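Numbering (my numbering), first residue to last: -15 to 79.
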């Protein structure tokens, strides 16, 4: 599979950034181990697994948003997060 920059960015959105954020000190992990595992993958691996239908775009976004919820209080890196828009886009890409 040939992955170009546009494909990676389109498929992963903010997931790569969310996966790179360190876990906030003392944050309680609400996500299951599967979501935590997704946050440890790089963007190319996420694109590969989505393309092979091992995981869905919805799972990737859910993992990223869960990670963001955990880390945002300590990092405060985003001024706006369009979680609803990301979920809608991921749902339309899953089809």
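Yeah, the Cβ is synthetic: ideal placement off N, Cα and C, and Gly gets one too. These numbers were taken from a predicted model, which means no experiment stands behind them.
Around the CB of residue 51, 16 or more other CB atoms lie within 10 Å, so the residue is classed as buried. Per the C-alpha coordinates, the member of 31, 63 and 62 positioned closest to residue 78 is 31. Annotation: residue 37 is outside any alpha helix (DSSP H) and is labelled neither H nor E by DSSP. For residue 77, the enclosing alpha helix (DSSP H) stretches over residues 67 to 77. Judged by DSSP in its simplified three-state form, residue 51 adopts helix.
When the five nearest sequence neighbours on each side are left out, the beta carbons in the same chain lying within less than 6 Å of the beta carbon of residue 19 are those of 47 and 50, in order along the chain. Excluding residues up to 5 positions away in sequence, 33 lie with their Cβ nearer than 6 Å to the Cβ of residue 39 in the same chain. The beta carbon of residue 36 sits closer than 7 Å to no other beta carbon from its chain once the five residues preceding and following it are set aside.
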